[in-house]
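Numbering (this note's numbering), first residue to last: 174 to 432. We put the CB at the ideal spot given by N, CA and C, even for glycine. Since we're looking at a predicted model, the values are computed, not measured.
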């Protein structure tokens with residue numbers, strides 16, 4: 174990233190006071206249900222530790238965002254003490270990614286973590302959908318700590334003697350679910366659309382889909398998927414671990430009903 178481009182990036186912290194003005198990045202339409210539920214989620218008392226940064230160019234165009242929080246209250250299946258967990262990161266376009274905006278935001282979080290005497294930073298990555306891959310984090314000094322399925326846990330420790338973060342075994346949670354279940358959290362503003370679509374489709378197919386909103390980090394940490402905040406599961410079988418469309422759900426239904 175050039176010094177010139179770095180100086181042209183403006184990074185703002187989202188707060189309860191300015192979220193109505195800055196937005197939540199992933200959904201621009203402030204009348205959309207996803208925007209409303211994400212705003213409520215961010216402003217709720219249980220999420221006081223959640224922080225969001227949005228990067229802007231000099232013309233006020235949003236370039237990317239990053240969401241992070243103390244590792245103890247991560248909405249992913251991890252166990253980590255005294256780390257900062259990067260929960261989500263997204264860039265508006267490939268050109269933005271190529272200019273180092275994401276690295277600049279990670280570097281700012283690293284400074285905050287050091288000032289707060291944290292042991293380091295950690296995050297989860299995946300080559301699949303709805304989660305950043307590991308390339309960005311490896312470039313910023315993270316190491317791969319553990320891998321399970323399509324997910325990887327990465328960390329950057331400031332103290333070599335500190336306790337390493339760990340992945341929790343979400344597969345152990347799956348057998349408890351009998352029938353059709355959808356577990357989700359409004360941590361991602363897109364989830365509510367998927368929930369609505371899946372509920373209407375299940376009704377169309379006369380499927381009893383039990384839907385539960387996860388309302389605490391501990392529930393997400395104990396969810397039956399590596400993604401944590403979205404799990405579609407039937408009789409102990411994980412069918413989707415991220416946002417899916419109505420069309421994708423119909424395909425899953427047909428496959429399961431024929432088996």
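- [ ] Select from 187, 189, 407 and 427 the residue whose C-alpha is nearest the C-alpha of residue 346.
- [x] 407
TODO: Check whether the Cβ atoms of residue 261 and residue 240 lie closer than 8 Å to each other.
DONE: yes
Task: Nearest to residue 199 (by Cα), restricted to the options 185, 251, 265 and 215 - done: 265
- [ ] Decide if the stretch 219-228 is in contact with the stretch 184-196; the criterion is three or more beta carbon pairs, one per stretch, under 8 Å apart.
- [x] yes
- [ ] State the beta-bridge partners of residue 341 as determined by DSSP.
- [x] DSSP lists no partner for residue 341.
Task: Expected contact under 8 Å - CB spacing of residue 350 and residue 409 to nearest Å - done: 6 Å
- [ ] Reducing DSSP to helix, strand and coil, say where residue 200 ends up.
- [x] coil
Open item on the list: Taking the beta carbon of residue 342 as the centre, do at least 16 other beta carbons fall within 10 Å, making it buried, or is it exposed?
Closed with: exposed
Open item on the list: For residue 359, count the other beta carbons within 10 Å of its own beta carbon; 16 or more makes it buried, fewer makes it exposed. Which is it?
Closed with: buried
TODO: Please check the pair residue 318 and residue 338, which I expect to be a contact at CB under 8 Å, by giving their CB distance rounded to whole angstroms.
DONE: Taking 8 Å as the upper bound for CB-CB distance, residue 318 and residue 338 are in contact here, some 6 Å apart.
Open item on the list: Here's a check: name, in chain order, each residue in its chain whose Cβ is nearer than 6 Å to the Cβ of residue 177, leaving out the five neighbours to either side.
Closed with: Bear in mind that the predicted position of residue 177 carries a pLDDT of just 41, short of 50, making it too unreliable to give a figure here.
TODO: Please report the residue range of the alpha helix (DSSP H) in which residue 390 lies.
DONE: 390-394
- [ ] Tell whether a beta-carbon distance below 8 Å holds between residue 401 and residue 248.
- [x] Taking 8 Å as the Cβ cut-off, residue 401 and residue 248 qualify as a contacting pair.
Open item on the list: Taking the alpha-carbon of residue 244 as reference, which of 217, 236, 432 and 257 has the nearest alpha-carbon?
Closed with: The shortest C-alpha separation from residue 244 is found at 257.
Open item on the list: Tell me the residue span of the beta strand (DSSP E) that contains residue 263.
Closed with: 256-264
Task: Assigned secondary structure, residue 295 (DSSP; H/G/I helix, E/B strand, else coil) - done: strand
TODO: Could you work out which residue in 233, 195 and 204 is closest to residue 181 when comparing CA atoms only?
DONE: Taking the Cα of residue 181 as reference, the smallest distance to any Cα among 233, 195 and 204 is reached at 233.
- [ ] Would you tell me roughly how many angstroms separate the C-alpha atoms of residue 344 and residue 255, rounded to the nearest one?
- [x] The alpha-carbon atoms of residue 344 and residue 255 are separated by roughly 25 Å.
- [ ] Taking the CB atoms as reference points, tell me whether residue 386 and residue 357 lie closer together than 8 Å.
- [x] yes
- [ ] Note down, in chain order, each residue of its chain lying with its Cβ closer than 7 Å to the Cβ of residue 250, except the 5 sequence neighbours on either side.
- [x] 340, 341, 343, 394, 396, 399 and 401
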